[in-house]
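Chains as they are written, first to last, in the working numbering: chain A, 1 to 354; chain B, 355 to 708; chain C, 709 to 1062; chain D, 1063 to 1416. All remarks here apply to the structure that follows.
4 protein chains.
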Amino acid sequence: MAGSSFGVIFKISTFGESHGEGVGVVIDGCPPQIKLSPQDFIMEMTRRRPGKRSSDTPRREEDRVEILAGVFEGRTTGAPITLFIRNRDADSRPYEILRQLFRPGHADYTYFKKYGHFDHTGGGRYSARETAARVAAGVVAGKILEPLGVKVMGFTLELGGVRVENIELEYIGKDPLYCPDPLASEQMQAALSDAGKSGDSLGGVAEIRVSGCPAGLGEPVFDKLDADLAKAIMSIGTVKGVEIGAGFEAARLKGSENNDPISPDGFLSNRAGGILGGISNGDQIIMRVAVKPIPSIGRRQNTVDRLGRSAELKFAGRFDVCALPRIIPVLEAMVKVVLADHYLRSNTTTRRKT
Amino acid sequence: MAGSSFGVIFKISTFGESHGEGVGVVIDGCPPQIKLSPQDFIMEMTRRRPGKRSSDTPRREEDRVEILAGVFEGRTTGAPITLFIRNRDADSRPYEILRQLFRPGHADYTYFKKYGHFDHTGGGRYSARETAARVAAGVVAGKILEPLGVKVMGFTLELGGVRVENIELEYIGKDPLYCPDPLASEQMQAALSDAGKSGDSLGGVAEIRVSGCPAGLGEPVFDKLDADLAKAIMSIGTVKGVEIGAGFEAARLKGSENNDPISPDGFLSNRAGGILGGISNGDQIIMRVAVKPIPSIGRRQNTVDRLGRSAELKFAGRFDVCALPRIIPVLEAMVKVVLADHYLRSNTTTRRKT
Amino acid sequence: MAGSSFGVIFKISTFGESHGEGVGVVIDGCPPQIKLSPQDFIMEMTRRRPGKRSSDTPRREEDRVEILAGVFEGRTTGAPITLFIRNRDADSRPYEILRQLFRPGHADYTYFKKYGHFDHTGGGRYSARETAARVAAGVVAGKILEPLGVKVMGFTLELGGVRVENIELEYIGKDPLYCPDPLASEQMQAALSDAGKSGDSLGGVAEIRVSGCPAGLGEPVFDKLDADLAKAIMSIGTVKGVEIGAGFEAARLKGSENNDPISPDGFLSNRAGGILGGISNGDQIIMRVAVKPIPSIGRRQNTVDRLGRSAELKFAGRFDVCALPRIIPVLEAMVKVVLADHYLRSNTTTRRKT
Amino acid sequence: MAGSSFGVIFKISTFGESHGEGVGVVIDGCPPQIKLSPQDFIMEMTRRRPGKRSSDTPRREEDRVEILAGVFEGRTTGAPITLFIRNRDADSRPYEILRQLFRPGHADYTYFKKYGHFDHTGGGRYSARETAARVAAGVVAGKILEPLGVKVMGFTLELGGVRVENIELEYIGKDPLYCPDPLASEQMQAALSDAGKSGDSLGGVAEIRVSGCPAGLGEPVFDKLDADLAKAIMSIGTVKGVEIGAGFEAARLKGSENNDPISPDGFLSNRAGGILGGISNGDQIIMRVAVKPIPSIGRRQNTVDRLGRSAELKFAGRFDVCALPRIIPVLEAMVKVVLADHYLRSNTTTRRKT
């Protein structure tokens, strides 16, 4: 596909599919002498893993990360780091009926058009399983960012039409939906339950905040920090929109309202979302991401088969109802990858104080 | 900056700034034997040029494109095409007061942090003038797309809070704001006039539609068509958000509502916006773009100087009130560049019928 | 290291080291629907494997290629292909004495300077083991070239000072040194035996010929076919020189001697080596490669330890005496990778007959 | 052609041809705040310029470098630097007879095959004129290397079969052939004179030495320093071979002869040519380059026309007799570009002392 790499200095290349041996990632450009062990991945892989919440699919994936290359005596060497996550439960039977039919909202149709085939056993390369490799890459990126004090935190801002009203950041980690508002979370869970019962799925909006990011990251004019963040996030399967700072709301503001005044103590507001002219300004980076409802639903749908003939599709079985909150660690991972890459790039493009 | 190139096969590299000799672009990877002359650029450069509308700045830029390289006897040769647009009116006096002050909402602050200087004479590299080079590149990209029947059309969907209600595509070309709704356009013009009088600026939302795009463009998993479009568009200075198809609205839909059913005659709806799994599906590609209000305003603003001391900033002079509609040809150009690049890439990655 | 990828469209990224789990390669950009199975790799991996010849090290490596990703139902899918070759015999004891000493002629010293460590257990990333991944990638590249009729053949032209006098191409496959001259081969084998007995090693010269390469491959001005071939070949550890066509001999010819006259039946000589202006001319591509003697020898050598203190180094054990002929399949593999990449690139940059 | 860029962080993209407005280069990734003015280029451009030596073509090129972008108030800004050198004397009449005939040894044939045309007016993109842009880029690269104490020096080692015997480095600058041996230089000049009189041309060998290069530059495994140097040098039109350190001579040495012993004071010999495992070792970097005789000669040659019909070609006019010594500044420039790029890359990949 020739599009499976991301980054310039800290470059990740994911591989693998849901039907095969597993998924993985090669990370080229990670600095040497960073401590790294399989244990470092457990928490983030678990956060991404389905099966923890009532709304999630019951398939059990045990996402243990093997380090195939790039680490010697517990530290990175500067050589490419290869991480691999084996597939389990590769029971493709539930998908056998899909051999002939394109699932609406899925990439079956476009993969068939482009590659002359598609993977009826569960999406293959375009399965959400690929994101496990991204999360693993994000853990390594995080190792570069942590000493700088950069923190990336995502949460559920909206789900099934329910919007967060009060944001309590410290509550996020305790909430099953990574929602910062206990009341909203309850309503969201009810919405998930209802949708699941009716064989339907829900979408939502995630917010990501980056604190501690130094000013100066981003390479104009095309590799602006916001441009690379937008690409990284839009490259995740279910994402249909991304906005920075005030985002679409900025379109309704006047310049006098949208400009962030500057004081000797810093910016007095943050409608820019921490990025000016494609370069981080030292303030918090804020993004919001539109996540579409998962296309696999239990309801009858109209579609066509490989020969273009009209058909009806109805899955049995259970499915994830919403990509949120599982997508949160994926979003965080991609943001970390972008920031680690731009941090390393900035070492060569940014003026150093001497 | 090491980030001034975009594209893999059809690769554009812009250069130049508002203070210097001019702006330009090198296009590497354009196929040979395509007819190209300086006349081909006039229409698009004129659409981008300020000075046509009452709301635009009165500075007159005559954006004539010189072909410095890559064309022989009226046709491309396969060698890099270099296009150059000289600066005129390089009167930097109005900006002299900016030598010490960071303009709120501009990149002065971040450029200073990153590069140790900023260009007080009008933005330098981060001036909107850079987009003239993008528009020129888009004209060449269009030469690759035209024989395929691909058409890219942008329009003003919302401006200063006024939203289009009825879309008459054939009217867009006649409207001074590239607005498809005469009534909405009148209200938008009134809003522009009011904002201009009060020394303020406005934002808006643009929509871009691509018709005739073949199925199969896009290289998963990172160089998905929507991911590259998002990056291309977010790399334009005033853009704060981008969405594909139903976009943020998809976050509020159920799967049964958001999935586009497929029939033997094609997709029965287009909430996907013409892209599934990062690959074009043959349907119309639809995007919307949030454009922030122009940060240069005539009102008094709080800021700091290079030494971090509190200061007030108030410009005299006239400014653009809104980046719309001038940004429309820039958006179209970037979309064309993405599509031309992905079309050429698809020649090697997509299965060919034999 | 951020330098572990090669290619633009057919892009290979190797990973792995001698001390770890194994070595492997991710190939991104391979077209879909190509038949590929683990059996396809056996012959080339065996050719590269040591242990077949008396001059080779007795360490037994069983280089079985696992396909971790990118193949579905026996065919490539267009997704990244990941090939993995597990390490066996990872007995690091013989190298334990190297924990403190830099081996002359090896990369221990430079890796220590660059990365702050080096791998005393046998080279790690800079072990010749990495070339197993290249050979595997070459097999996939070969699948793209075979239908075009492109054939890549390398042979030993010189070894230990013995130069081939008569080239019998059909004999190469039968010769233990891939030498096209039975008499020269006998002398080379004697030289290898002598050197081995005295604990020393030998260098040599390989020649590579490509037949059936279509005209038009190569992307001026930097990605010329000969430039990319030179890089690909010089990136192999023991290579110290590369020449195309007449090579260094051309430096002693006059223009009237070196120019290849053209006739209606093609070029009347081939001092260009099949490449003019960086683009293949349809004639046979010819290269020669200088291979240095393997630096691991059984003789006493002067060196320093990690603290810079003078030391003497003397290995026990047996070593390869010469990188030839084992390097031949590696050279062929890299040439195939370059040609496959340029062939796919040429689909977008070369004028197609219609 | 999609191959006109070189470098990862310090990235140069040349453009232009002999028939058009001029040649130039965009340099993206040059750090900010470096002093740069048009005067900085004069010396190197003059060294590359023909017309100074009796053996050179009398065409007068005045290669003045214009800075079109990237410099503000005398210093680089971090934005892309665009350098442009206008063509003069664009008298294409001497080449008119070439409209139909392919010149032996030139790229006319391969460009016609690839692009469907070739430039009969003097080579167009594949004219040696393109190297003027490389020399200009080398001047900027030199600005990065100078503060580090890196010095790049090339000289004529062999010309027309005459080989240097005694190397007096301080004499090189005074010699018209950049030859370090006055006696050899006289013989070379005589050979040039003889060849010129007989309408023929000569080849030669250049040597390049880099002193002061810090250890640690080079990114294994593909972007090894020697691999990138080989590519950079082989991408110059008339180069047919490149070797590092002992080069092809290493193929005839034993390991015990070729390994450079290490002492507390450094390496005791330099057969490695300053690079081990693709990484600079702090010693002098040494390369030799085979330069073919210029293919344009005054003698009658056999060729074909565009329709493949047999033809004879005989130029009137005068031509350069040898690419040496003019190619020396081009070689030096490319070496500087490689080193500057790898130096900047090493800022992110190499372990920093703290």
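Beta carbons: idealized from backbone N, C-alpha and C, even for Gly.
Reduced DSSP secondary structure (H/G/I, E/B, other) of Q344 (chain B): Outside the shown range of chain B, which is 355 to 708, sits residue 344 (chain B), and nothing can be said about it.
Quick one, which of C:A980, C:D936, C:I793 has its alpha-carbon nearest G1066 (chain C)'s? This structure does not reach residue 1066 (chain C), given that chain C is present from 709 up to 1062, and the question cannot be answered.
Within the continuous alpha helix (DSSP H) that includes L961 (chain C), where are the two ends? Premise fails: L961 (chain C) is in no alpha helix (DSSP H) and is neither H nor E.
Label N874 (chain C) either buried or exposed according to how many other C-beta atoms from any shown protein chain fall within 10 Å of its C-beta, with 16 as the threshold for buried. exposed
If you measure between the beta carbons of H19 (chain A) and D119 (chain A), is that distance less than 8 Å? yes
Could you tell me which chain A residues have their CB closer than 7 Å to the CB of T1411 (chain D), listed as they occur along the chain? Result: G29, P31, G78.
DSSP beta-bridge partners for C1030 (chain C)? In the DSSP assignment, C1030 (chain C) forms a beta bridge with C:L910.
Is the Cβ-Cβ distance between V734 (chain C) and T790 (chain C) less than 8 Å? yes
Have a look at D:G1091, D:G1266, D:D1403 and flag the residue whose alpha-carbon is nearest the alpha-carbon of E957 (chain C). Looking at the Cα atoms, D:G1266 is the closest of the given residues.
For the beta strand (DSSP E) holding R996 (chain C), just list the boundary residues, first then last. 993-999
Could you check if Q1009 (chain C) is buried or exposed, using at least 16 other CB atoms within 10 Å of its CB as the buried criterion? buried
Where does the unbroken alpha helix (DSSP H) through T1069 (chain C) begin, and where does it stop? Because residue 1069 (chain C) is not part of the residues shown, which for chain C are 709 to 1062, the question remains open.
Spell out whether any CB of chain D is found under 8 Å from the CB atom of I9 (chain A). yes
Which whole-angstrom value is the C-beta distance of R240 (chain A) and A290 (chain A), which I expect to be below 8 Å? Position check: residue 240 (chain A) holds Lys in this sequence, whereas Arg was assumed. Indeed, because the Cβ distance is near 5 Å, the residues count as touching under 8 Å.
Below 8 Å, how does it come out for the stretch 653-668 of chain B and the stretch 526-541 of chain B: are there three or more Cβ pairs, yes or no? Not touching, per the Cβ criterion.
Scan the stretch 1220-1236 of chain D for residues whose Cβ lies nearer than 7 Å to a Cβ of chain C and list them as they occur along the chain. Per Cβ criterion, the list reads E1220, G1223.
Span of the alpha helix (DSSP H) holding V1197 (chain D)? Its alpha helix (DSSP H) spans residues 1193-1207.
If you count every other CB in all the chains shown that lies within 10 Å of the CB of A903 (chain C), and 16 or more means buried, which is it? buried
At least one CB of chain B closer than 8 Å to the CB of G247 (chain A): is that the case? yes
On the criterion of 16 or more Cβ atoms from any shown chain inside 10 Å, does G459 (chain B) qualify as buried, or is it exposed? Taking every protein chain shown into account, the CB of G459 (chain B) has 16 or more other CB atoms within 10 angstroms, so this residue is buried.
Can you tell me which residues form a DSSP beta bridge with I987 (chain C)? C:L984
Among the residues of its own chain, which have a CB less than 6 Å from the CB of R653 (chain B), if the five just before and after it don't count? G553
Which chain C residues are close to F1068 (chain D), counting only those with a beta carbon under 8 Å from its beta carbon? F930
Do you know how far the Cα of C1030 (chain C) is from the Cα of S909 (chain C)? 6 Å
Close Cβ partners of G1211 (chain D) (< 6 Å) along its chain, the five nearest in sequence each way excluded: G1274
Around the C-beta of P646 (chain B), are 16 or more other C-beta atoms found within 10 angstroms, so that it is buried, or is it exposed? A small correction: the amino acid at residue 646 (chain B) is Lys; Pro does not occupy that position in the sequence shown. Under this definition K646 (chain B) is a buried residue.
If we define contact as Cβ-Cβ less than 8 Å, is L344 (chain A) a contact residue for chain D? yes
Nonlocal neighbours in the same chain, by C-beta distance under 6 Å from E1106 (chain D), ignoring five residues either side: V1197, V1201, P1391
Against chain C, with Cβ distances strictly below 8 Å, would F1217 (chain D) count as a contact? no
For L68 (chain A), return the contacting residues in chain C, with the cut-off set at a CB-CB distance below 8 Å. F723, G724, G728, E729, G730, G732, F792
Could you check the C-alpha separation between D1327 (chain D) and P1282 (chain D) for me, to the nearest Å? 26 Å
First and last residue of the uninterrupted alpha helix (DSSP H) at R47 (chain A): 42-48 is the extent of the alpha helix (DSSP H) around R47 (chain A).
Cβ closer than 8 Å: which chain D residues qualify as neighbours of D473 (chain B)? F1134, T1139
Cβ of R125 (chain A) less than 8 Å from any chain C Cβ? yes
Give, in chain order, every residue of the stretch 264-292 of chain A whose Cβ lies closer than 9 Å to some Cβ of chain C. none
Chain-order list of residues whose beta-carbon lies under 8 Å from that of E312 (chain A) (same chain, five-residue window excluded): R300, Q301, N302, T303.
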